[in-house]
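Residue numbers (this note's numbering): 13 to 315.
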Ligand SMILES: Cc1ncc(C[n+]2csc(CCOP(=O)(O)OP(=O)(O)O)c2C)c(N)n1
Ligand code: SF4
Ligand SMILES: [Mg+2]
């Protein structure tokens, strides 16, 4: 962090969360989703944060979180959450802490941890019925280290590790369904550009106990290659084209909380991002665009 950024952070009022003084990229969609989520969760939370872009928010001795924050390795945030929950439960059981001072345990990671490195410890935590809220901001790559491909990278996107003519050859993992298959308390997708839907889901998640996931698509100007001012529009297009379905899993049922109608063509979303520029230039790739559209169509045909 340079000296100016350090001075700006130091001067932030103590109530200022995730402000412009942090060393984050302008227009970060993950940061705006987290800001909205924190507005609902409030300071009675302990964030267990795996390595990634959001760990840059808390640079010793400063933090924008008004509650507690703990840093873990990429693979072990749910294990860290278990330790914190256990410690809180012991304090409650031994009456060393009154019930009203109990704290919500919140795991915060990127997609690299949530879809890949931390999946095993996540699965085990859900299996044990851990009472925690897992927030994944999904920028579809290892953002903090230069946007390498992750388990969340979509088909055809260029990343620093998928530079071939067709972009990423694999397909985005379905983390929503992987979580739902564990039959946890709650799973929901959100996006910062739909704040009302997001706030309702966070309120619901906060009111429940047990393993809960909030999966936030996080438009990332740096990794997705677009102007920071376009983050909200790109987020809205992700929903309007049907690329990012807004839905929740509760009581064994999946319910869509928004059904785009009419659905916009997916190319309106792709055309705004440099990581998909090869779909349009130097020559339009009709075959690949048709495949991408067909995959989204078949998802919605089954809803
Ligand atoms: C085991 C391990 N491998 C690699 C790293 C280096 N590393 C730090 S942050 C990061 C990217 C994490 O990606 P993601 O979870 O998607 O979060 P983002 O950076 O996109 O916010 C990596 C690879 C690490 N900390 N630990
Ligand atoms: S790389 Fe992307 S996710 Fe990371 S801070 Fe920048 S905009 Fe946000
Ligand atoms: Mg990421």
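Quick reminder that beta carbons are idealized off the backbone N, C-alpha and C, glycines included.
Out of 231, 113 and 118, the CA that lies nearest to the CA of residue 95 is found in 118. Boundaries of the beta strand (DSSP E) around residue 268: 265-268. The criterion of a C-beta distance shorter than 8 Å is satisfied by residue 182 and residue 167. Scanning 86, 113, 315 and 169 for the CA closest to the CA of residue 268 turns up 315. A distance of 8 Å or more separates the beta carbons of residue 186 and residue 42. Our two residues, residue 97 and residue 291, have alpha carbons roughly 47 Å apart in a direct line.
Our two residues, residue 266 and residue 78, have alpha carbons roughly 34 Å apart in a direct line. Boundaries around residue 228 are those of the beta strand (DSSP E), 223-229, since no alpha helix (DSSP H) includes it.
For the pair residue 236 and residue 307, the CB atoms are not nearer than the 8 Å cut-off. The segment 207-221 makes no contact with the segment 126-136: fewer than 3 CB pairs, one atom from each, lie closer than 8 Å. Counting along the chain, residue 282 sits inside the alpha helix (DSSP H) bounded by residues 279-282.
The segment 109-161 is shown to contain whole beta strand (DSSP E) runs of 3 or more residues at 116-122 and 144-150, in chain order.
Bridge partners of residue 71 according to DSSP: 74. Residue pairing by DSSP places residue 199 opposite 225 and 261 in a beta bridge. Excluding its 5 nearest sequence neighbours in each direction, residue 141 has C-beta neighbours in its own chain below 8 Å: 222 and 223, listed in chain order.
Per DSSP, reduced to three states, the secondary structure at residue 84 is strand. In this structure, residue 38 keeps its C-beta atom at 8 Å or more from the C-beta atom of residue 149. At a threshold of 7 Å, residue 154 counts as near ligand 3, since its beta carbon sits closer than that to one of the ligand's heavy atoms. Out of 171, 68, 251 and 188, the CA that lies nearest to the CA of residue 270 is found in 251.
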